[in-house]
Amino acid sequence: MPPRTYISDLGRHVGREVEVAGWLYNKRSSGKIHFLLIRDGTGLAQGVLVKAEVPEEVFLLGETVTQESSLTATGIVRADTRAPGGYELSLTGLKIVQLAQDYPITPKEHGTAFLMENRHLWLRSSRQHSILKVRDRIIWAVREFFRKNGFVLIDTPILTGSAAEGASTLFETQYFDLGKAYLAQTGQLYLEAACMAFGKVYCFGPTFRAEKSKTRRHLTEFWMVEPEVAFNDYVANMDLGEELVCYIVSSVLENCGEELKKLERDTKPLENIKRPFYRISYDEAVAKLQAAGSSITWGIDLGGEDETILTKMYDKPVYVHCYPKECKAFYMKLNPDNPKTVLCADLLAPEGYGEIIGGSQRADDYDELLSRLREHGLSEEAYKWYLDLRKYGSVPHAGFGLGIERTVGWICGLPHVRETIPFARMLYRLYP
RNA sequence: UCCCCGGUAACUCAACGGUAGAGUGAGCGGCUGUUAACCGCUAGGUUGUAGGUUCGAAUCCUACCCGGGGAGCCA
Numbered sequence: 056m057p058p059r060t061y062i063s064d065l066g067r068h069v070g071r072e073v074e075v076a077g078w079l080y081n082k083r084s085s086g087k088i089h090f091l092l093i094r095d096g097t098g099l100a101q102g103v104l105v106k107a108e109v110p111e112e113v114f115l116l117g118e119t120v121t122q123e124s125s126l127t128a129t130g131i132v133r134a135d136t137r138a139p140g141g142y143e144l145s146l147t148g149l150k151i152v153q154l155a156q157d158y159p160i161t162p163k164e165h166g167t168a169f170l171m172e173n174r175h176l177w178l179r180s181s182r183q184h185s186i187l188k189v190r191d192r193i194i195w196a197v198r199e200f201f202r203k204n205g206f207v208l209i210d211t212p213i214l215t216g217s218a219a220e221g222a223s224t225l226f227e228t229q230y231f232d233l234g235k236a237y238l239a240q241t242g243q244l245y246l247e248a249a250c251m252a253f254g255k256v257y258c259f260g261p262t263f264r265a266e267k268s269k270t271r272r273h274l275t276e277f278w279m280v281e282p283e284v285a286f287n288d289y290v291a292n293m294d295l296g297e298e299l300v301c302y303i304v305s306s307v308l309e310n311c312g313e314e315l316k317k318l319e320r321d322t323k324p325l326e327n328i329k330r331p332f333y334r335i336s337y338d339e340a341v342a343k344l345q346a347a348g349s350s351i352t353w354g355i356d357l358g359g360e361d362e363t364i365l366t367k368m369y370d371k372p373v374y375v376h377c378y379p380k381e382c383k384a385f386y387m388k389l390n391p392d393n394p395k396t397v398l399c400a401d402l403l404a405p406e407g408y409g410e411i412i413g414g415s416q417r418a419d420d421y422d423e424l425l426s427r428l429r430e431h432g433l434s435e436e437a438y439k440w441y442l443d444l445r446k447y448g449s450v451p452h453a454g455f456g457l458g459i460e461r462t463v464g465w466i467c468g469l470p471h472v473r474e475t476i477p478f479a480r481m482l483y484r485l486y487p
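Numbering (this note's numbering), first residue to last: 56 to 487.
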């Protein structure tokens with residue numbers, strides 16, 4: 056029996072007979088010669104089946120085998136520039152593991168609604184394969200970055216007893232006899248507790264928003280990484296965000312060149328992602344937007360259109376900091392230089408991809424936090440433990456959340472976040 | 001929740017008040033180097049649902065259902 060090999064390793068076996076195991080990606084035939092395009096998850100290889108060179112029954116299997124049938128094939132590895140992947144197999148044997156019938160996704164065009172309905176199969180196509188490999192790399196880069204920089208991973212709860220950011224809509228469930236529980240929309244409050252224990256911490260997990268958002272930038276379930284650092288102010292927080300984003304981008308450029316090429320992503324704008332990024336205050340942003348014709352007035356949040364206008368003025372990500380406090384969550388620290396604003400900073404990705412980071416320095420004074428809780432009409436009892444953190448050795452601290460799917464979408468140059476996660480959860484999609 | 005767009009063959013679309021059609025996929029046949037292979041033939045439809053207007057509706061009107069995009073909100 057020839058040795059089993061992954062397609063990505065074929066280059067190490069030129070001239071020798073090997074076995075590959077996978078699925079039929081596509082097939083072309085010319086009567087006395089079949090071209091079987093085989094994928095195994097590591098790559099694509101073309102198997103060439105010549106009538107005169109194999110037993111009759113093997114050649115017939117080449118006619119029978121259908122798109123996405125599972126199979127094993129043996130053959131001699133040859134370098135050939137005509138073949139996708141650079142190597143091809145002169146087939147000596149072929150076995151069908153299971154014969155697929157009427158595979159719904161053909162090599163021709165399909166609409167996204169149909170493809171999303173067949174997401175469990177769509178994952179097999181090369182474009183989706185590339186996107187999810189970039190996602191994998193981004194997640195590894197995030198974990199590497201925090202580990203190298205001395206952060207401790209803290210897993211925060213997904214089931215919580217109260218809303219973290221108040222107004223947003225939460226997914227609700229009944230929690231035994233203790234009443235309603237909610238799916239977490241951030242791990243931040245728990246992370247603040249952990250950063251008082253460990254100094255530098257981060258959490259990384261799924262987060263849930265029951266908002267009825269129907270846009271290319273929203274999912275109801277998405278992944279967010281959130282660092283929190285004791286003794287950092289909002290400026291150091293922006294520094295950390297820049298370092299993280301640069302680390303992610305350079306890791307993708309270094310390791311995913313092939314994937315980005317398949318996605319036809321122009322890597323020039325990504326190669327430009329180096330510190331420092333741009334930083335402007337909310338006040339400056341409003342002035343620039345008004346000059347550019349936006350109808351924004353001081354005191355309201357930037358709209359999607361405003362973000363697009365703003366990011367197109369810059370060739371790198373841009374931080375917008377110190378928003379009016381009315382736009383932002385109760386836990387953000389008031390700006391001592393202008394108490395109408397808070398010490399926050401959102402990072403807008405270039406090329407119109409919008410907000411990928413939202414962060415702030417946190418309110419660390421007991422009385423300030425208490426009055427802000429009351430302003431937002433939140434229960435003091437539910438936040439007792441959170442207030443405790445301001446009673447026992449409170450320190451300045453800051454953190455942010457980075458949205459993984461938006462980051463994947465930006466780096467891959469995709470029009471919609473639904474392709475950046477294996478199984479997207481959206482307003483009208485819970486299947487498959 | 002609001003605004004805009006759409007729903008015709010398995011898929012992508014055409015037909016725009018007068019006999020529902022093409023390409024792809026599927027099935028059969030041909031072809032020894034194909035690259036979304038190519039060539040020939042065949043099968044495949046209660047036009048999202050329910051009502052209405054009309055001699056006649058895929059087409060016009062109303063309601064509903066299902067999707068897509070955007071607003072708000074956010075990562």
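We put the beta carbon where it would ideally sit given N, CA and C, even for glycine. It should be emphasised that the depicted structure is a prediction, and the values quoted were computed from it without experimental measurement.
{"Query": "Rounded distance between the beta-carbons of Ala76 and Arg59, thought under 8 Å", "Result": "7 Å"}
{"Query": "Gln509 versus Glu281 - alpha carbon distance", "Result": "The requested residue 509 is not part of the displayed model; the chain covers only 56 to 487."}
{"Query": "Option nearest Tyr369 by Cα separation, candidates Lys343, Leu389, Asp392, Lys383", "Result": "Lys343"}
{"Query": "Tyr421 vs Cys399 beta-carbon contact at 7 Å", "Result": "no"}
{"Query": "Where the alpha helix (DSSP H) through Glu488 begins and ends", "Result": "Since the displayed the chain opens at 56 and closes at 487, residue 488 lies outside it and no answer follows."}
{"Query": "Contact belief for Ala134 with Val69 at Cβ below 8 Å, rounded distance in angstroms", "Result": "6 Å"}
{"Query": "Reference Met387, options Ser336, Lys267, Leu428, closest by Cα", "Result": "Leu428"}
{"Query": "Beta-carbon proximity list for His89, same chain, < 6 Å, skipping 5 on both sides", "Result": "Leu104, Gly117"}
{"Query": "Those runs of the beta strand (DSSP E) which lie wholly inside the segment 211-278 and span at least 3 residues", "Result": "227-229, 235-238, 255-263"}
{"Query": "Leu457 - containing beta strand (DSSP E), residue span", "Result": "452-458"}
{"Query": "Cβ neighbours of Arg473 in the same chain (closer than 6 Å, five flanking residues each side left out)", "Result": "Ala479"}
{"Query": "Spatial neighbours of Glu227 in its chain, beta-carbon cut-off 7 Å, leaving aside the 5 residues before and after", "Result": "Lys235, Tyr237"}
{"Query": "Proximity of Tyr374 and Leu402 at Cβ, strictly below 7 Å", "Result": "yes"}
{"Query": "For Ala291, the three-state DSSP class (helix, strand or coil)", "Result": "helix"}
{"Query": "Closest by C-alpha distance to Thr211, when choosing among Glu199, Glu283, Phe200, Ile303", "Result": "Glu283"}
{"Query": "Where the alpha helix (DSSP H) through Gln345 begins and ends", "Result": "337-346"}
{"Query": "Member of Asp321, Leu178, Glu314, Gly456 whose CA lies at the smallest distance from the CA of Phe277", "Result": "Gly456"}
{"Query": "Start-end ranges of the alpha helix (DSSP H) lying completely within the segment 144-197, minimum 4 residues", "Result": "167-172, 174-177"}
{"Query": "Val300 vs Leu325 beta-carbon contact at 7 Å", "Result": "no"}
{"Query": "Coarse secondary structure for Leu469, derived from DSSP in three states", "Result": "coil"}
{"Query": "Whole-number beta carbon distance between Ser181 and Lys323, since they are thought to touch under 8 Å", "Result": "The Cβ separation is near 23 Å, so there is no contact."}
{"Query": "Ala128 burial status per 10 Å Cβ neighbour count (16 or more: buried)", "Result": "buried"}
{"Query": "Through-space distance from Leu99 to Ala418, alpha-carbon basis", "Result": "54 Å"}
{"Query": "Cβ pair Val256, Ile209 closer than 7 Å", "Result": "yes"}
{"Query": "Same chain, Cβ closer than 7 Å to Ile364, neighbours up to 5 away in sequence not counted", "Result": "Leu344, Ala347, Ser349"}
{"Query": "beta-carbon Thr215 near the ligand ADP non-hydrogen atom, thresh 6 Å", "Result": "Among the components of this structure there are no ligands whatsoever, and the ligand ADP is therefore not found."}
{"Query": "Through-space distance from Leu187 to Glu381, alpha-carbon basis", "Result": "38 Å"}
{"Query": "Asp365: first and last residue of the uninterrupted alpha helix (DSSP H) it sits in", "Result": "Checking the displayed sequence, the identity of residue 365 turns out to be Leu instead of Asp. Per DSSP, Leu365 belongs to the alpha helix (DSSP H) from 359-366."}
{"Query": "Nearest residue (CA-CA) to Glu143, options Ile131, Arg67, Pro470", "Result": "Ile131"}
{"Query": "Through-space distance from Cys258 to Glu297, alpha-carbon basis", "Result": "18 Å"}
{"Query": "Where Ala285 sits in the DSSP three-state scheme", "Result": "strand"}
{"Query": "Selected residue, minimal CA-CA separation from Ser125, among Thr147, Asn81, Leu308, Thr366", "Result": "Asn81"}
{"Query": "Counterpart residues of Val300 in DSSP-defined beta bridges", "Result": "Bridge partners of Val300: none, in fact."}
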